[in-house]
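K.L.:
Encoded as structure tokens, here's the structure I'll be asking about.
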Amino acid sequence: MAGLPIEDRALLKRLGLNLAAPGARDALHVLSQDKSLIGAFEAPVVARSRELTRVSLLPDGPKPALVLGDDKGGKYVPVATAAWGGMALAPYVVEANVERSRWILDPFAFIQKALRLPSQPRPDTTTENGRRIATVHIDGDGFPSHAEVRGTPYSGRQVLDDYIRPNPFLTSVSIIEGEVGPKGMSPFLARELEPIAQEIFADPKVEVATHTYSHPFYMQPEKAKKDEDFHAEYGLRLNIPGYKTLDYKREILGSRDYINSRLTTAQKPVKLVFWPGDALPSAETIKLAYDAGLKNVNGGQTILTKANSSLTGLYPLLRPTSGGLQYYAPVINENMYTNLWKGPYYGFRDVIDTFELTDSPRRLRGIHLYYHFYSGTKQASIKAMTDIYQFMRGQQPLSLWMSDYLDRVHGLYQASLARTANGDWQVRGMDGLRTLRLDPALGWPDLGRSVGVAGVRDLPRGAM
Numbered sequence: 000m001a002g003l004p005i006e007d008r009a010l011l012k013r014l015g016l017n018l019a020a021p022g023a024r025d026a027l028h029v030l031s032q033d034k035s036l037i038g039a040f041e042a043p044v045v046a047r048s049r050e051l052t053r054v055s056l057l058p059d060g061p062k063p064a065l066v067l068g069d070d071k072g073g074k075y076v077p078v079a080t081a082a083w084g085g086m087a088l089a090p091y092v093v094e095a096n097v098e099r100s101r102w103i104l105d106p107f108a109f110i111q112k113a114l115r116l117p118s119q120p121r122p123d124t125t126t127e128n129g130r131r132i133a134t135v136h137i138d139g140d141g142f143p144s145h146a147e148v149r150g151t152p153y154s155g156r157q158v159l160d161d162y163i164r165p166n167p168f169l170t171s172v173s174i175i176e177g178e179v180g181p182k183g184m185s186p187f188l189a190r191e192l193e194p195i196a197q198e199i200f201a202d203p204k205v206e207v208a209t210h211t212y213s214h215p216f217y218m219q220p221e222k223a224k225k226d227e228d229f230h231a232e233y234g235l236r237l238n239i240p241g242y243k244t245l246d247y248k249r250e251i252l253g254s255r256d257y258i259n260s261r262l263t264t265a266q267k268p269v270k271l272v273f274w275p276g277d278a279l280p281s282a283e284t285i286k287l288a289y290d291a292g293l294k295n296v297n298g299g300q301t302i303l304t305k306a307n308s309s310l311t312g313l314y315p316l317l318r319p320t321s322g323g324l325q326y327y328a329p330v331i332n333e334n335m336y337t338n339l340w341k342g343p344y345y346g347f348r349d350v351i352d353t354f355e356l357t358d359s360p361r362r363l364r365g366i367h368l369y370y371h372f373y374s375g376t377k378q379a380s381i382k383a384m385t386d387i388y389q390f391m392r393g394q395q396p397l398s399l400w401m402s403d404y405l406d407r408v409h410g411l412y413q414a415s416l417a418r419t420a421n422g423d424w425q426v427r428g429m430d431g432l433r434t435l436r437l438d439p440a441l442g443w444p445d446l447g448r449s450v451g452v453a454g455v456r457d458l459p460r461g462a463m
């Protein structure tokens with residue numbers, strides 16, 4: 000998608016393509032268009048020549064999905080399918096401007112046709128036992144902040160009493176050692192903050208995680224500094240006295256050991272690291288976490304709202320690296336809904352839009368609530384959180400800890416499908432994943448002949 004190597008004429012010929020004469024930037028018009036593949040998904044086709052790769056088709060070449068013409072009789076085909084797959088070239092994949100992006104191409108239909116994908120079972124991370132999966136995970140930022148409510152409790156206390164305890168959802172919670180502990184920014188507060196953290200981690204609905212020691216705002220600072228837009232508005236990490244050099248072992252292993260020794264019990268140790276800041280750790284840092292027995296999550300920026308509902312806002316679920324998989328947050332946190340926590344503080348209520356838009360017309364995500372402790376500080380954010388939790392309760396989802404959800408995503412990554420000579424499907428490598436989405440064309444599974452199938456439920460988004 001987007002680009003095509005055009006220097007190799009022999010390769011183009013083998014693909015049934017030809018490089019048209021460059022010509023002037025003439026006005027283009029649409030000669031033909033397959034609306035099942037392009038122009039009827041999110042954004043219409045608008046003929047434009049800027050960034051266009053001027054490719055045409057040889058006789059008996061690919062099947063065009065979009066043909067453009069100029070006033071001199073030139074024809075250009077930026078979208079086509081063929082026996083070898085398909086191509087969708089800029090600027091006819093995504094329409095993008097400063098304010099928003101939208102798909103011009105229908106990515107579902109195009110990939111299905113280009114790769115000639117058959118109707119087959121599809122591993123699914125959104126649903127289990129016929130119910131939509133829900134996760135809740137909390138980054139430690141803002142734990143020592145005071146809530147703007149009567150008594151001005153610490154945000155850690157506010158979140159425990161208002162969000163965690165009253166709601167039935169399993170919740171994965173992290174703290175930043177440098178905010179809470181005696182070797183952090185405010186050691187004199189540790190005797191007040193640590194008991195709250197201990198109380199949170201003792202809750203039977205809570206799973207324990209670390210959000211590192213100093214919360215690096217850039218997980219690879221030297222690499223980040225090379226970006227022309229680099230601006231360390233808040234520095235590189237929390238300003239902890241005596242901590243001068245970023246040490247990933249101290250960040251991950253040290254904070255884990257602190258939490259295990261002072262805030263939780265041996266029966267309930269730290270299970271995960273929630274990546275802080277830009278959440279782009281190196282492969283070596285990811286491997287460090289895995290070698291320590293810690294799962295990992297955060298990164299990605301999945302956000303869809305009624306004001307900007309495009310599926311271009313949907314990020315991948317994970318990032319493969321040589322050090323292991325980085326699992327992205329399935330839905331982004333309140334920071335993106337509140338203009339980087341500069342207001343409006345009620346903005347996170349729009350995550351309900353995200354939950355709805357990723358459920359219909361296609362279920363693409365579960366219900367994934369991800370926030371920071373500072374969402375317990377503002378009157379407006381507290382009201383927004385109350386509304387969000389009320390919505391979640393009304394959906395009656397299946398609640399999972401983040402560590403268990405990541406096992407489902409890992410199953411999606413490594414699952415394999417095969418078909419036997421008699422037409423049966425074999426599914427392997429599912430790890431914690433327990434759901435297959437079935438195309439109605441496959442019919443109803445024969446439960447009497449199936450092995451390991453607990454049941455099937457017909458839902459609006461397909462049989463599960």
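Per numbering that gives the first Met the number 0: the sequence shown = residues 0 to 463.
The beta-carbon is built from N, C-alpha and C at its ideal position, and this holds for glycine as well.
From the DSSP output, in three-state form, read off Val207 for me.
P.N.:
As a working note, residue 207 is residue 208 in the sequence shown. Three-state DSSP puts Val207 in a strand.
K.L.:
Just list the residues that DSSP pairs Gly308 with in beta bridges.
P.N.:
Translated into the one-based positions of the sequence shown, residue 308 becomes position 309. Checking the sequence shown, residue 308 turns out to be Ser, not Gly. For Ser308, which the question treats as bridged, DSSP gives no partner whatsoever.
K.L.:
By the three-class DSSP mapping on this structure, what secondary structure does Gly15 have?
P.N.:
Residue 15 sits at position 16 when you count from the first residue of the sequence shown. Three-state DSSP puts Gly15 in coil, outside helix and strand.
K.L.:
In whole angstroms, give me the CA-to-CA distance for Asn166 and Arg392.
P.N.:
Here residue 166 is taken as the residue at index 167 of the sequence shown, counted from 1. Here residue 392 is taken as the residue at index 393 of the sequence shown, counted from 1. Asn166 and Arg392: Cα-Cα distance of roughly 8 Å.
K.L.:
Under 8 Å between the Cβ atoms of Ser309 and Ser100?
P.N.:
Taking the sequence shown and counting its residues from 1, the one referred to as residue 309 is at position 310. Taking the sequence shown and counting its residues from 1, the one referred to as residue 100 is at position 101. In this structure, Ser309 places its C-beta atom within 8 Å of the C-beta atom of Ser100.
K.L.:
Excluding the five sequence neighbours on either side, which residues of its own chain have a C-beta within less than 7 Å of the C-beta of Tyr481, listed in chain order?
P.N.:
A question about residue 481 goes unanswered here, because the residues of the chain that appear run from 0 up to 463.
K.L.:
Between which two residues does the beta strand (DSSP E) holding Pro77 run?
P.N.:
In the sequence shown, counting from the first residue as 1, residue 77 sits at position 78. Run containing Pro77: 74-81, per the beta strand (DSSP E) assignment.
K.L.:
What is the DSSP secondary structure of Ile5, counted as helix, strand or coil?
P.N.:
One-based indexing of the sequence shown puts residue 5 at position 6. Note: Ile5 maps to coil in three-state DSSP.
K.L.:
Can you say whether Ser380 is buried or exposed, counting buried as having 16 or more other CB atoms within 10 angstroms of its CB?
P.N.:
Numbered from its first residue, the sequence shown carries residue 380 at position 381. Taking a 10 Å sphere around the C-beta of Ser380, we find 16 or more other C-beta atoms and assign the residue as buried.
K.L.:
To which residues does DSSP link Arg436 through a beta bridge?
P.N.:
In the sequence shown, counting from the first residue as 1, residue 436 sits at position 437. Answer by DSSP bridge pairing, in chain order: Arg121.
K.L.:
With a CB to CB cut of under 7 Å and the five nearest residues on each side skipped, what residues in its chain are close to Asn259?
P.N.:
Position 260 of the sequence shown, counting from 1, holds the residue named residue 259. Excluding positions up to five away in sequence, the list reads Pro268, Val269.
K.L.:
What did DSSP end up calling Arg149 once you bin it into helix, strand or coil?
P.N.:
In the sequence shown, counting from the first residue as 1, residue 149 sits at position 150. DSSP, reduced to helix, strand and coil, places Arg149 outside both helices and strands of the structure shown, so it counts as coil.
K.L.:
So is Gly447 buried or exposed if we call it buried at 16+ other beta carbons inside 10 Å?
P.N.:
Working through the sequence shown from its first residue, we reach residue 447 at position 448. Exposed, since its Cβ has fewer than 16 Cβ neighbours within 10 Å.
K.L.:
In three-state terms, what does DSSP make of Lys294?
P.N.:
Stepping through the sequence shown from its first residue, residue 294 is reached at position 295. In this structure, Lys294 counts as strand in the three-state DSSP scheme.
K.L.:
Should Ala81 and Lys62 be called a contact, given that it needs their Cβ atoms to be closer than 8 Å?
P.N.:
As a position in the sequence shown, residue 81 is number 82, starting the count at 1. As a position in the sequence shown, residue 62 is number 63, starting the count at 1. Yes. Within cutoff.
K.L.:
Distance, Cα to Cα, Glu6 vs Thr353?
P.N.:
Here residue 6 corresponds to residue number 7 of the sequence shown, with the count starting at 1. Here residue 353 corresponds to residue number 354 of the sequence shown, with the count starting at 1. So the alpha carbons of these two residues sit roughly 42 Å apart.
K.L.:
Quick check: what's the CA-CA separation for Leu313 versus Trp102?
P.N.:
Numbered from 1 along the sequence shown, position 314 holds the residue referred to as residue 313. Numbered from 1 along the sequence shown, position 103 holds the residue referred to as residue 102. Going from the Cα of Leu313 to the Cα of Trp102 covers about 11 Å.
K.L.:
Looking at C-alpha atoms only, which residue of Glu198, Glu176, Ile199 is the closest neighbour of Leu188?
P.N.:
Taking the first residue of the sequence shown as 1, we reach residue 188 at position 189. Comparing Cα-Cα distances from Leu188 to each of Glu198, Glu176, Ile199, the minimum goes to Glu176.
K.L.:
My output table needs one value for Thr464: the three-state DSSP class, helix, strand or coil.
P.N.:
Past the boundaries of the shown model lies residue 464; the chain is included only from 0 to 463, so the question cannot be answered.
K.L.:
Can you give me the start and stop residues for the alpha helix (DSSP H) that Ala475 sits inside?
P.N.:
Residue 475 is absent from the structure shown; the chain starts at 0 and stops at 463.
K.L.:
So, with DSSP's three-state summary, where would you put His371?
P.N.:
On the sequence shown, position 372 is the one that residue 371 refers to. Strand.
K.L.:
Report the residue from Asp349, Pro396, Arg418 whose alpha carbon sits nearest the alpha carbon of Asp386.
P.N.:
What you label residue 386 is simply residue 387 of the sequence shown in a count that begins at 1. Ranking Asp349, Pro396, Arg418 by Cα distance to Asp386 puts Asp349 first.
K.L.:
Can you tell which of Thr125, Ala201, Asp228 has its C-alpha closest to the C-alpha of Arg465?
P.N.:
Past the boundaries of the shown model lies residue 465; the chain is included only from 0 to 463, so the question cannot be answered.
K.L.:
In the DSSP output, what is Leu303 paired with across the bridge?
P.N.:
Counted from its first residue, the sequence shown places residue 303 at position 304. None; Leu303 has no bridge partner.
K.L.:
As a quick exercise: from Glu250, Thr170, Pro319, Arg156, pick the residue whose alpha carbon is nearest that of Tyr370.
P.N.:
The residue labelled residue 370 in the question sits at position 371 within the sequence shown. The shortest C-alpha separation from Tyr370 is found at Thr170.
K.L.:
Tell me whether the beta-carbon of Thr337 lies closer than 8 Å to the beta-carbon of Val272.
P.N.:
One-based indexing of the sequence shown puts residue 337 at position 338. One-based indexing of the sequence shown puts residue 272 at position 273. Taking 8 Å as the Cβ cut-off, Thr337 and Val272 do not qualify as a contacting pair.
K.L.:
Excluding the 5 residues flanking Ala288 on each side, which residues of the same chain have their C-beta closer than 6 Å to its C-beta?
P.N.:
In the sequence shown, the residue the question calls residue 288 occupies position 289. Same-chain partners within the cutoff: Ile251, Val272, Asn295.
K.L.:
Short of 8 Å in beta carbon distance, which residues of its chain neighbour Asp59, apart from the five on each side in sequence? Order them along the chain.
P.N.:
Locating residue 59 in the sequence shown gives position 60, counting from the first residue. Correct list, in chain order: Gly15.
K.L.:
Identify the residues that DSSP records as bridge partners of Arg101: which are they?
P.N.:
Position 102 of the sequence shown holds residue 101. For Arg101, which the question treats as bridged, DSSP gives the partners Glu94.
K.L.:
Leaving aside the five residues before and after Gln197 along the sequence, list all residues of the same chain whose C-beta is less than 7 Å from its C-beta, in chain order.
P.N.:
The residue labelled residue 197 in the question sits at position 198 within the sequence shown. Once the five neighbours on either side are set aside, the close Cβ partners of Gln197 are Leu262.
K.L.:
Using 8 Å for Cβ pairs, my map puts Val78 next to Ala64. What's the rounded Cβ distance?
P.N.:
Start at 1 with the first residue of the sequence shown, and residue 78 comes out as number 79. Start at 1 with the first residue of the sequence shown, and residue 64 comes out as number 65. 4 Å between Cβ atoms; contact.
K.L.:
Given this structure, state the Cα-to-Cα distance separating Gly183 from Leu363, to the nearest angstrom.
P.N.:
Your numbering for residue 183 matches position 184 in the sequence shown. Your numbering for residue 363 matches position 364 in the sequence shown. The alpha-carbon atoms of Gly183 and Leu363 are separated by roughly 40 Å.
K.L.:
For Lys222, does the three-state DSSP call read helix, strand or coil?
P.N.:
On the sequence shown, residue 222 is found 223 positions in, with the first residue counted as 1. Three-state result, Lys222: helix.
K.L.:
Tell me which same chain residues have a C-beta within less than 7 Å of the C-beta of Ala146, skipping the five on either side of it?
P.N.:
For the purposes of this step, residue 146 is identified with residue 147 of the sequence shown, where counting begins at 1. If you ignore the 5 residues before and after Ala146, its C-beta comes within less than 7 Å of the C-beta of Pro152, Ser154, Gln157, Gly375, Thr376, all in its own chain and listed in chain order.
K.L.:
Check Phe40 in the structure and name its three-state DSSP category.
P.N.:
Here residue 40 refers to the residue found at position 41 when the sequence shown is read from its first residue. When secondary structure is reduced to three states using DSSP, Phe40 falls in the coil class, being assigned neither helix nor strand.
K.L.:
State the Cα-Cα distance for the pair Asp277 and Phe216, rounded to the nearest angstrom.
P.N.:
Position 278 of the sequence shown, counting from 1, holds the residue named residue 277. Position 217 of the sequence shown, counting from 1, holds the residue named residue 216. Cα-Cα distance, rounded: 6 Å.
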